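FYI, in mature numbering (1 follows the signal peptide of the UniProt record, and there is no 0) the residues of the sequence shown are -21 to -1, 1 to 121.
Backbone N, C-alpha and C define an ideal beta-carbon position, used for all residues, glycine too.
These numbers come from a predicted model, not from an experiment.
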Amino acid sequence: MIDLKTTLAVGLVAFATVPLAAQEAAPAVAPAEAPAPPLVSAGITLTLESETDIERRVVIYQCDNGEGFRVQYINAAPNFLAILPVEGETHLFATALSGSGARYVSGPYEWWSSGDEATLRDVQSDEDAAPLATCLAARNTP
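In structure tokens, the structure reads:
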């Protein structure tokens, strides 16, 4: 926990590939072996101010598809955020209204946690579609 009237800076790094064609015109004759596209990185710093304590918590989840990942929760009233990987990209989720548990949304994705259980869904899918992941908290880290 951080003292009263504190500021929290959260650094995120997102990685993406940029196709070589987007950087320069394609040659008339393709080389036998084209070089791999360069890796481009970008960062963002988010500053949150809160009149109350700011809590940062990392939870490691193990999912039914055999994959595991870390979710970083940041509670800085009135902002409650979850940062997690979805399909190879880091997404920043913000809380949304829920009947029970904690529901976070980012674009078309919904991360819903209740106790040690959590579910990742694509809300653009059919209502009866299986979730992208159903997970269980493996352990908490500071």
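query: Pick from Phe59, Val65, Ala15 that is closest to Ser29, judged by C-alpha positions; result: Phe59
query: Exposure of Ser92, with buried meaning 16 or more beta-carbon neighbours within 10 Å; result: buried
query: Heavy atom of the ligand NAD within 7 Å of Tyr40 beta-carbon; result: The ligand NAD is not among the ligands present in this structure, which contains no ligands whatsoever.
query: Member of Arg100, Val19, Phe48 whose CA lies at the smallest distance from the CA of Ser85; result: Arg100
query: Paired residues, beta bridge with Glu96 - DSSP; result: Ser93, Leu115
query: Residue from Glu89, Ala116, Val37, Asp95 whose Cα sits closest to the Cα of Ala109; result: Glu89
query: Where Leu115 falls, given that 16 or more other Cβ within 10 Å makes a residue buried; result: exposed
query: DSSP three-state assignment for Asn44, whether helix, strand or coil; result: coil
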